[in-house]
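J.:
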Amino acid sequence: MAALLQLKVSIQSIMHIQTIIHQLKLTAVALAGAFVFSNSASAETSLLNVSYDVSREYYKDLNPAFIQYWKEKTGETITINQSHGGSSKQARSVVDGLSADVITMNRSPDIDVLYERAKLIPKDWQKRLPHASSPTASTSVFLVRKGNPKNIKDWDDLVKPKVAVVIPNPKTSGNGKYTYLAAWGYVLKNGGDEAKAKEFVTKLFKNVPVLDTGGRGATTTFAQRDIGDVLLTFENEVFLIQKELGADKFEVIYPSISVLAENPVALVDKVVDKRKTRTQAQAYLEFHFSEVGQDIAAKHYLRPQVDSAVTKHAATFKPLKLFKVEEVFGSWSKAEKTHFADGGVFDQIYAK
Amino acid sequence: MAKKSSLPGFNLSLGYTIFYLSLIVLIPLSAVFFKTFTLSWDEFVQAVASPRVVASYKLTFGASLIAASINVVFGVLTAWVLTRYEFFGKKIVDAFVDFPFALPTAVAGISLSAIYAKNGWIGSLLDQIGIAVAYTPLGVVVALTFIGLPFVVRTVQPVLEDLGAEVEEAGASLGANRWQVFYKIILPAIWPAVITGFALAFARAVGEYGSVIFIAGNMPMVSEITPLIIITKLEQYDYAGATAVAAVMLVISFILLFAINGFQWWSNRRLGHVK
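Chains A and C, in that order, are what the protein sequence lines are. The first sequence begins at 1 in the numbering used here and counts up by one. The second sequence begins at 353 in the numbering used here and counts up by one.
(1) Could you tell me whether the stretch 428-443 of chain C touches the stretch 507-515 of chain C, using the rule of 3 or more Cβ pairs below 8 Å?
(2) Taking the Cβ atom as the reference point for each residue, do C:F538 and C:E513 lie within a distance shorter than 9 Å?
(3) I want to see whether chain C comes within less than 9 Å of A:A183, judged by CB atoms only; does it?
(4) Taking 9 Å as the CB-CB limit, is C:M571 close to chain A?
(5) Which residue or residues does DSSP assign as beta-bridge partners of A:Q82?
(6) In this structure, what does DSSP give as the bridge partners for A:L232?
(7) In the stretch 75-122 of chain A, which residue ranges form an unbroken beta strand (DSSP E) of at least 3 residues, counting only runs that do not cross its ends?
(8) From which residue to which residue does the alpha helix (DSSP H) around C:A611 run?
(9) Using the three-state DSSP reduction, which class does C:N423 fall into: helix, strand or coil?
(10) Kindly say whether C:E587, judged by its beta-carbon, lies nearer than 9 Å to any beta-carbon of chain A.
(11) Apart from the five residues on each side of it in sequence, which residues of its chain come closer than 6 Å, Cβ to Cβ, to C:K585?
(12) For the stretch 538-567 of chain C, which residues have a beta carbon sitting closer than 8 Å to at least one beta carbon of chain A?
(13) If we count Cβ pairs, one from each stretch, closer than 8 Å, do we get three or more for the stretch 234-245 of chain A versus the stretch 193-211 of chain A?
(14) Between the alpha carbons of C:A420 and C:W543, how many angstroms are there, rounded?
(15) Between A:N207 and the rest of its own chain, which residues show a CB-CB distance below 7 Å, the 5 nearest in sequence each way excluded?
(16) Suppose you measure from the CA of C:R622 to the CA of C:G614; what does that come to, to the nearest Å?
(17) Listing by chain order, which chain C residues have their CB less than 7 Å from the CB of A:G330?
(18) Buried or exposed, going by whether 16 or more other CB atoms sit within 10 Å of the CB of C:A545?
(19) Applying the criterion that 16 or more other CB atoms from any shown protein chain within 10 Å of the CB defines a buried residue, is C:P380 buried or exposed?
(20) Can you tell which of A:I121, A:Y186, A:K249 and A:S99 has its C-alpha closest to the C-alpha of A:P149?
(21) Under 9 Å between the Cβ atoms of C:A557 and C:A431?
(22) Counting only C-beta atoms, is A:N169 closer than 9 Å to chain C at any point?
(23) Hey, does C:A598 have any beta-carbon neighbour from chain A nearer than 9 Å?
(24) Shorter than 9 Å from the beta carbon of C:I462 to some beta carbon of chain A?
(25) Put A:L26 into one of helix, strand or coil per three-state DSSP.
(26) In the DSSP assignment, find the alpha helix (DSSP H) that holds C:L477 and state where it starts and stops.
(27) Check distances from the C-beta atoms of the stretch 218-234 of chain A to those of chain C and list, in chain order, the residues that come in under 9 Å.
(28) Just the C-alpha distance for C:I567 and C:A553, rounded to the nearest angstrom, thanks.
(29) Could you tell me whether the stretch 54-73 of chain A touches the stretch 290-305 of chain A, where touching means 3 or more Cβ pairs closer than 8 Å?
(30) Which residues mark the beginning and the end of the beta strand (DSSP E) in which C:L455 is found?
(31) Beta-carbon of C:K536 versus every beta-carbon of chain A: anything under 9 Å?
(32) Could one say the Cβ of A:P319 lies closer than 9 Å to chain C's Cβ atoms, at least one of them?
(33) Please name the residue or residues paired with A:N263 in a DSSP beta bridge.
(34) So, for C:E576: in the same chain, excluding its five sequence neighbours on each side, which residues have a beta-carbon less than 8 Å away from its beta-carbon?
(35) Given a threshold of 16 other Cβ atoms within 10 Å of its Cβ, counted over all protein chains shown, does A:D177 qualify as buried or as exposed?
(36) How is A:R303 classed by DSSP in three states: helix, strand or coil?
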């Protein structure tokens, strides 16, 4: 009996520890919220930029540049808080009430959702800034091991037997979605029809041994776990891998054609109107398109979109035949519905 | 009406308990079911019974049961060593047991996949005899075993301590051999704790996400766990579909935990435990 009692106590203490951990997490969230709030209440203006996972390094450079620019222009001191995470998770937080002044994503559907689910922004938000509100873009390219032992040159080489291809899961990763659509577009752009494209993409994913949930995970799998002959990911991620892990270990292969992966930005109207930060948020977004902003993007291997900057950085970025998602698939929402929704083409690849 | 307890404060403490449980457990859980009810029956079936989702149930519950079973064997052994022997560094070993509690699960997942990948310390050895752990369902079992270990050890350990070595010595002096001592004396005493530890390890494993996704490979129909299916549906802004799968998981977990409790009650009676 005593033993049983003690057992119960020990179980309760385990449960208790977990409850405490949960409460601590909640407290931390509440404190963070309070912090943001108190910032806005004080004289100093602050902006919250809710962004995707791998834009950290880019904004670490861009934000100080904007703060300095804004101080010189208006005399106002501004702080910019960053929040990073998986893109659709970030978008959901904003829909559910996170007070983001601006949202910066790597796929327009993750900003569309702010209109669709919560009417936080107008439907035509992409028309408010040049280049479909996308100051930067990237594209899907190939990274192979030194010497290119499997002799991979273009998309066709990826579906050959005994070639292992690492792609992040298109169901959970924007990066994976772009790669999938790039492969599909490759077939269509070379005279193939939908059936051919489906066959090609099916073959491609049969060569994928691991489906990581995000782009960074796929990088780890390929570069650190030695899995796969080729990694398909964003161009900026590929440059980063070479910089971090050594240019002598991997080679970049540019396919004959790929997808233009635009990184759109938007201010969140409902939030900036409430917090009275519209002027600053607008200036911040426009700063992305300025010469300084575009230079910083290029430094982080994001393709600048403003014409003058494209010319200026032409040496860094190999000119590629790139197509827009809208051009081949009509719209992002059509592509989502056909390919990535439950029971869609991607699911059919794995259906038995 | 139940007989009034001689302890004061019954109404207050029960009231607080119900309030607390409602706030922390019941209200969030009921939200899962309410959200699920926004689906029509056909949509619900589509969300929870497509082949991919069914394959993930099999993996999640199967791997969790295997992992919890492994933990029962080695957890009891660990608890035994920690209570019955004195050795140098015992306190440190004891503290090691709690590591899986304290470590962020993503860190555990990354470490495990680094070690068990083909180019990792253990993975490279296993690769030579043709066993792949990382990025296979076996990897899922490894991760779930890791996170579940403390539950069995920490539930069995206090009971073993309480039991004392004297009863074993008494048994031995009355002529029982080692096996009989274990089977007739130790096992009946620790059995309820073992089952509780098993149930806790199992329940923890079913809901685990962070450590598993790094080592599972996440291939649909093969190594995709149900929590990942839920996350995937959320990524597509399919809240109702996600909660529908969550609701099914809850119901299956509840039935299994209920069965485990029933088994515990039955075996308590069988082993002659008087409550």
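Note that CB positions come from ideal geometry on N, CA and C, so glycine has one too. These figures come from a predicted structure and were not determined experimentally.
T.: Put simply:
(1) yes
(2) Numbered from its first residue, the second sequence carries residue 538 of chain C at position 186. Numbered from its first residue, the second sequence carries residue 513 of chain C at position 161. Going by the sequence as given, residue 538 of chain C is Ile instead of Phe. No. Outside cutoff.
(3) For the purposes of this step, residue 183 of chain A is taken as residue 183 along the first sequence, with counting starting at 1. With 9 Å as the cut-off, A:A183 does not count as an interface residue toward chain C.
(4) Locating residue 571 of chain C in the second sequence gives position 219, where the first residue counts as 1. Closer than 9 Å: yes.
(5) Taking the first residue of the first sequence as 1, we reach residue 82 of chain A at position 82. DSSP lists A:N49 as partners of A:Q82.
(6) The residue given as residue 232 of chain A occupies position 232 in the first sequence. A:F142.
(7) 78-84 and 102-104
(8) Against the second sequence, residue 611 of chain C aligns to sequence position 259. Unbroken alpha helix (DSSP H) run through C:A611: Y591 to R622.
(9) Position 71 of the second sequence, counted from the start, is the residue given in the question as residue 423 of chain C. Helix.
(10) On the second sequence, position 235 is the one that residue 587 of chain C refers to. Yes, C:E587 counts as interfacial toward chain A.
(11) As a first step, residue 585 of chain C must be located in the second sequence, where it is residue number 233. Closer than 6 Å at Cβ, skipping near neighbours: G593 and A594.
(12) A541, P544, A545, T548, L552, I565 and F566
(13) no
(14) Locating residue 420 of chain C in the second sequence gives position 68, where the first residue counts as 1. Locating residue 543 of chain C in the second sequence gives position 191, where the first residue counts as 1. Approximately 15 Å, taken between the alpha carbons.
(15) Position 207 of the first sequence holds residue 207 of chain A. Cβ within range, chain order: L158, V159, V163, A164 and V165.
(16) Here residue 622 of chain C corresponds to residue number 270 of the second sequence, with the count starting at 1. Here residue 614 of chain C corresponds to residue number 262 of the second sequence, with the count starting at 1. Distance between the alpha carbons of C:R622 and C:G614 is about 12 Å.
(17) As a first step, residue 330 of chain A must be located in the first sequence, where it is residue number 330. Per Cβ cutoff of 7 Å: no residues; A:G330 is ~19 Å from chain C at best.
(18) Stepping through the second sequence from its first residue, residue 545 of chain C is reached at position 193. With 16 or more other Cβ atoms within 10 Å, it is buried.
(19) Your numbering for residue 380 of chain C matches position 28 in the second sequence. Exposed is the call here.
(20) Locating residue 149 of chain A in the first sequence gives position 149, counting from the first residue. Nearest of A:I121, A:Y186, A:K249 and A:S99 to A:P149, Cα basis: A:K249.
(21) The residue you call residue 557 of chain C lines up with position 205 of the second sequence. The residue you call residue 431 of chain C lines up with position 79 of the second sequence. In this structure, C:A431 does not lie closer than 9 Å to C:A557 by Cβ.
(22) For the purposes of this step, residue 169 of chain A is taken as residue 169 along the first sequence, with counting starting at 1. Answer yes: the Cβ-Cβ gap between A:N169 and chain C drops below 9 Å somewhere.
(23) As a working mapping, residue 598 of chain C is identified with position 246 in the second sequence. Closer than 9 Å: no.
(24) If you number the second sequence from 1, residue 462 of chain C lands on position 110. Yes, C:I462 lies at the interface with chain A (some Cβ there is under 9 Å from its Cβ).
(25) Here residue 26 of chain A corresponds to residue number 26 of the first sequence, with the count starting at 1. With a pLDDT of only 46 at A:L26, under the threshold of 50, the placement of this residue in the model should not be trusted, and no figure is reported.
(26) The residue labelled residue 477 of chain C in the question sits at position 125 within the second sequence. Start and end: W473 to Q480.
(27) T220, T221, Q224, R225, D226 and I227
(28) In the second sequence, the residue the question calls residue 567 of chain C occupies position 215. In the second sequence, the residue the question calls residue 553 of chain C occupies position 201. When rounded, the distance between both Cα atoms is 19 Å.
(29) yes
(30) Residue mapping note: residue 455 of chain C aligns to position 103 of the second sequence, counting from 1. Counting along the chain, C:L455 falls outside any beta strand (DSSP E), and DSSP gives it neither H nor E.
(31) Against the second sequence, residue 536 of chain C aligns to sequence position 184. Not an interface residue.
(32) For the purposes of this step, residue 319 of chain A is taken as the residue at position 319 of the first sequence. It does not; no Cβ of chain C falls within 9 Å.
(33) As a position in the first sequence, residue 263 of chain A is number 263, starting the count at 1. Bridge partners of A:N263: A:T136.
(34) Here residue 576 of chain C refers to the residue found at position 224 when the second sequence is read from its first residue. Same-chain partners within the cutoff: R404, A407, S408, L411, A568 and N570.
(35) In the first sequence, the residue the question calls residue 177 of chain A occupies position 177. Residue identity check: residue 177 of chain A is Lys in the sequence provided, not Asp. Buried, because 16 or more other Cβ atoms sit within 10 Å of the Cβ of A:K177.
(36) The sequence position of residue 303 of chain A within the first sequence is 303, counting from 1. Strand.
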